[in-house]
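Reading through the structure tokens given below for one structure.
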Ligand SMILES: Cc1cc2nc3c(=O)[nH]c(=O)nc-3n(C[C@H](O)[C@H](O)[C@H](O)COP(=O)(O)OP(=O)(O)OC[C@H]3O[C@@H](n4cnc5c(N)ncnc54)[C@H](O)[C@@H]3O)c2cc1C
């Protein structure tokens, strides 16, 4: 009988996607496959991608990383959510937190109760009922501690880290687990004349690296998935209009905040990601509404420390490959698609891609059913993330610049239209197919950007006014006390996971 097992995986590219794939596959698959990564230092990596979401903890656990070591080595800080400034109107700000607002009561989501309290005159923002929001604004952090009945036993968090150090951390792990690395620029791919499968990649010095299965992590180039196999690109610019970014790290001038900030600007938005050793900044903008020089000047005006490097200018098109997996080539990371970094979803989507790959790990037949399953699930994930991102732009009341007027007027996906209508009627949020963003996330952004539903769930009216307000007050006080109890973010880092001045020197 023919041995159909995949024996050799070739990963093309050594950015975050390449090294995450190498680390995961070499450690999970053990000796059953050879994992080989090819990268070109001369081409380099995109060099951004520093904010994450809590699911990254699963990846770290799966690979057995010691979290404190991971934080020290990547100069990471903790992240409790994202603060959105000036998105609804200039002067507005809200945090989209990890974790929940309040507690669900009487079988319905907390936000219905908060809406009732608001109708009764409560002026406390919903963030006052969320420990992550309260702690973020107070610059507090700790990992969950088992205190029964306390929100402290349930703190969701993620990390903000140095992208270059993260790829190196993954590389160390991957090479320890047996991954081999080749340095060199790939100039072409050989394909089987009959079925079109990629059989090898060829480097500019003539070396050839053969494989059974190829993972294209070549970034925006899409060397195999696009250039070799000819897959097209589904362009989502009409919904996600930003197409460029200028990025620059700057000196840290204050304690690192335990959250990422996204500030809406004249033609896009600016990120601020505080790390242990520096602060990452970038302006994501739409080139139709601002030119590169003006965007760069605007970025430089709004950074809070001295620049630590030359700015990086990046062009992109929001959207995805027509097929994420085609024949014996699976694309991950920027080679698969990109939807801009507003909600820090790209690294997560590398992780979910790998997890789906493990579920349908192929043999050499690369059968259609598996590929179809992978592509359909990935598309669903992309579309649900897309809708959430589009919401931030379309739900603006800003009309101070042509960019924001464009965002207000642009058409939005039908799936998002339905979600918005559903919410506007009854404050209900439909989370389809176990999508990444929860009711809390959707509520945080819709409410944060001033979308007010006509009604809330009638069950929220069950309790008498006095009992209800006493419950809300109690919750408010528990959250405040819990935040007071937590140590400062910098103190917590200093105690548990302070990085050395230089890591990976
Ligand atoms: C402006 C911006 C901000 C972002 N911010 C975030 C964020 O906060 N959070 C988040 O989750 N994600 C973010 N992302 C996305 C994140 O940066 C990427 O998902 C992640 O870095 C993975 O990139 P990659 O490995 O796919 O590509 P790259 O880093 O571009 O790596 C590509 C690799 O392929 C190699 N390569 C290319 N061509 C060849 C060749 N011919 N021969 C050999 N090797 C080759 C390169 O040398 C490199 O090693 C951001 C992206 C952008 C553009």
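Numbering (this note's numbering), first residue to last: 48 to 552.
Note that the Cβ used here is the ideal one computed from N, Cα and C, for glycine as well.
Computed from a predicted model, the values in this text were never measured in an experiment.
Contact with chain B by residue 207, beta-carbon distance below 8 Å = No chain B appears in the structure shown, which is made up of a single protein chain.
ask   = Relative to ligand 1, is the shortest distance from any of its heavy atoms to the C-beta of residue 118 smaller than 7 Å?
value = The sequence position of residue 118 within the chain shown is 71, counting from 1. Incorrect: residue 118 has no Cβ contact closer than 7 Å to ligand 1.
request  = Go ahead and label residue 64 buried or exposed: buried means 16 or more other beta carbons lie within 10 angstroms of its beta carbon, across all protein chains shown.
outcome  = The count along the chain shown starts at 1 and reaches residue 64 at position 17. Buried is the call here.
query = For the putative contact between residue 261 and residue 57, defined by C-beta atoms under 8 Å, what is the C-beta separation to the nearest angstrom?
reply = Locating residue 261 in the chain shown gives position 214, counting from the first residue. Locating residue 57 in the chain shown gives position 10, counting from the first residue. About 5 Å; that satisfies the 8 Å criterion.
ask   = With burial defined as no fewer than 16 other Cβ atoms inside 10 Å of the residue's Cβ, what is the status of residue 287: buried or exposed?
value = The sequence position of residue 287 within the chain shown is 240, counting from 1. Residue 287 should be labelled buried.
inquiry  = At a cut-off of 7 Å, would you count residue 232 as near ligand 1, judging by its Cβ distance to the nearest heavy atom?
reply    = As a working mapping, residue 232 is identified with position 185 in the chain shown. Correct: residue 232 has its Cβ closer than 7 Å to ligand 1.
Inter-residue CB distance, residue 364 and residue 206 (contact presumed, cutoff 8 Å) = Your numbering for residue 364 matches position 317 in the chain shown. Your numbering for residue 206 matches position 159 in the chain shown. Going by Cβ atoms, the distance from residue 364 to residue 206 rounds to 28 Å, so no, they are not a contact pair.
task = For my contact list, residue 202 and residue 191 are in at a C-beta cut-off of 8 Å; report their separation, rounded to the angstrom.
result = As a first step, residue 202 is located in the chain shown; it is residue number 155 there, counting from the start. As a first step, residue 191 is located in the chain shown; it is residue number 144 there, counting from the start. In this structure, residue 202 and residue 191 form a Cβ contact; the two beta carbons are roughly 5 Å apart against a cut-off of 8 Å.
ask   = Does ligand 1 have a heavy atom nearer than 7 Å to the CB of residue 143?
value = For the purposes of this step, residue 143 is identified with residue 96 of the chain shown, where counting begins at 1. Because no heavy atom of ligand 1 lies under 7 Å away, the Cβ of residue 143 does not count as near it: no.
key: Cβ shell of residue 536 (< 8 Å), same chain only, five flanking positions each side left out   = Position 489 of the chain shown, counted from the start, is the residue given in the question as residue 536. Cβ within range, chain order: 124, 125, 186, 187, 188, 302, 303, 304 and 305.
Cβ pair residue 163, residue 508 closer than 8 Å = Mapped onto the chain shown, residue 163 falls at position 116. Mapped onto the chain shown, residue 508 falls at position 461. For residue 163 and residue 508, yes; Cβs fall inside 8 Å.
ask   = Is residue 354 near residue 294, with beta carbons less than 8 Å apart?
value = Here residue 354 is taken as the residue at index 307 of the chain shown, counted from 1. Here residue 294 is taken as the residue at index 247 of the chain shown, counted from 1. It is not a contact, given that the beta carbons lie outside the stated cut-off.
request  = On a CA-only basis, which of 401, 158 and 546 is nearest residue 371? Give me that one, please.
outcome  = Within the chain shown, the letter at position 324 stands for residue 371. Closest by alpha carbon: 401.
query = Does ligand 1 have a heavy atom nearer than 7 Å to the CB of residue 388?
reply = The sequence position of residue 388 within the chain shown is 341, counting from 1. For ligand 1, at least one heavy atom lies less than 7 Å from the Cβ of residue 388.
request  = State yes or no: is the C-beta of residue 284 nearer than 7 Å to some heavy atom of ligand 1?
outcome  = Along the chain shown, one-based indexing puts residue 284 at 237. For residue 284, the shortest C-beta to heavy atom distance toward ligand 1 is 7 Å or greater.
query = Is any heavy atom of ligand 1 found at a distance shorter than 7 Å from the C-beta of residue 222?
reply = Translated into the one-based positions of the chain shown, residue 222 becomes position 175. Because no heavy atom of ligand 1 lies under 7 Å away, the Cβ of residue 222 does not count as near it: no.
request  = Just grab the DSSP bridge partners of residue 130 for me.
outcome  = As a first step, residue 130 must be located in the chain shown, where it is residue number 83. According to the DSSP secondary-structure assignment, residue 130 is paired through a beta bridge with 142 and 308.
task = Identify every run of the alpha helix (DSSP H) within the segment 490-537, keeping only runs that are complete inside it and at least 4 residues long; order them along the chain.
result = 512-532
ask   = Is it right to say residue 494 is buried, meaning 16 or more other beta carbons lie within 10 angstroms of its own, or is it exposed?
value = The residue labelled residue 494 in the question sits at position 447 within the chain shown. Under this definition residue 494 is a buried residue.
message = Among the candidates 544, 500, 524 and 398, whose CA atom is the shortest distance from the CA of residue 165?
response = Numbered from 1 along the chain shown, position 118 holds the residue referred to as residue 165. Among 544, 500, 524 and 398, the Cα nearest to that of residue 165 belongs to 500.
inquiry  = Which residue marks the beginning of the beta strand (DSSP E) containing residue 58, and which one marks its end?
reply    = In the chain shown, residue 58 corresponds to position 11, counting from 1. First-last of the beta strand (DSSP E) with residue 58: 55-59.
query = Taking the alpha carbon of residue 251 as the point to measure from, which residue in 224, 90, 313 and 80 has its own alpha carbon closest?
reply = By one-based count along the chain shown, residue 251 stands at place 204. Checking every option, the nearest Cα to that of residue 251 belongs to 90.
message = Three or more C-beta pairs under 8 Å: does that hold for the segment 321-336 against the segment 121-141?
response = yes
message = Judging by CA-CA distance, which residue of 373, 327, 362 and 247 is the nearest neighbour of residue 351?
response = Counting from 1 along the chain shown, the entry for residue 351 is found at position 304. For residue 351, the nearest C-alpha among the options comes from 327.
ask   = Where residue 146 and residue 534 are concerned, what is the direct C-alpha to C-alpha distance, given to the nearest angstrom?
value = In the chain shown, counting from the first residue as 1, residue 146 sits at position 99. In the chain shown, counting from the first residue as 1, residue 534 sits at position 487. Looking at the two C-alpha atoms, the distance is approximately 19 Å.
ask   = Out of 312, 466 and 439, which has the shortest C-alpha to C-alpha gap to residue 449?
value = Taking the chain shown and counting its residues from 1, one reaches residue 449 at position 402. When only C-alpha atoms are compared, the closest one is 312.
key: residue 86 versus residue 229 - alpha carbon distance   = Position 39 of the chain shown, counted from the first residue, corresponds to residue 86. Position 182 of the chain shown, counted from the first residue, corresponds to residue 229. Each residue's alpha carbon lies about 7 Å from the other.
message = In the DSSP output, what is residue 166 paired with across the bridge?
response = Counted from its first residue, the chain shown places residue 166 at position 119. DSSP output for residue 166 lists no bridge partner at all.
ask   = What residues are listed by DSSP as bridge partners for residue 119?
value = By one-based count along the chain shown, residue 119 stands at place 72. DSSP, once it has assigned bridges, lists no residue as partnering residue 119.
query = If you count every other CB in all the chains shown that lies within 10 Å of the CB of residue 547, and 16 or more means buried, which is it?
reply = Residue numbering aside, residue 547 sits at position 500 when the chain shown is read from its first letter. By the neighbour-count rule (16 or more Cβ atoms within 10 Å), residue 547 is not buried but exposed.
inquiry  = Using a Cβ-Cβ cutoff of less than 7 Å, which residues in the same chain neighbour residue 152 once the five nearest sequence positions on both sides are dropped?
reply    = Walking along the chain shown from the start, residue 152 turns up at place 105. Same-chain partners within the cutoff: 160.
query = For residue 279 versus residue 425, is the C-beta distance shorter than 8 Å?
reply = In the chain shown, the residue the question calls residue 279 occupies position 232. In the chain shown, the residue the question calls residue 425 occupies position 378. Not in contact: residue 279 and residue 425 (Cβ atoms no closer than 8 Å).
query = Does the beta-carbon of residue 405 have 16 or more other beta-carbons within 10 angstroms, so that it is buried, or is it exposed?
reply = Here residue 405 refers to the residue found at position 358 of the chain shown. It counts as exposed.
inquiry  = Rounded to the nearest angstrom, what separates residue 362 and residue 297 at their Cα positions?
reply    = Working through the chain shown from its first residue, we reach residue 362 at position 315. Working through the chain shown from its first residue, we reach residue 297 at position 250. If I take the Cα positions, the gap works out to 21 Å.
ask   = Given residue 133, which residues of its chain have a CB within under 8 Å of its CB, disregarding the five upstream and five downstream residues?
value = If you number the chain shown from 1, residue 133 lands on position 86. So the qualifying residues of the chain are 139, 140, 310, 311, 312 and 445.
request  = Thinking residue 247 and residue 257 are a contact (beta carbons under 8 Å), I'd like their distance in whole angstroms, please.
outcome  = Numbered from 1 along the chain shown, position 200 holds the residue referred to as residue 247. Numbered from 1 along the chain shown, position 210 holds the residue referred to as residue 257. Right, the Cβ-Cβ distance comes to about 4 Å (below 8 Å), so this counts as a contact.
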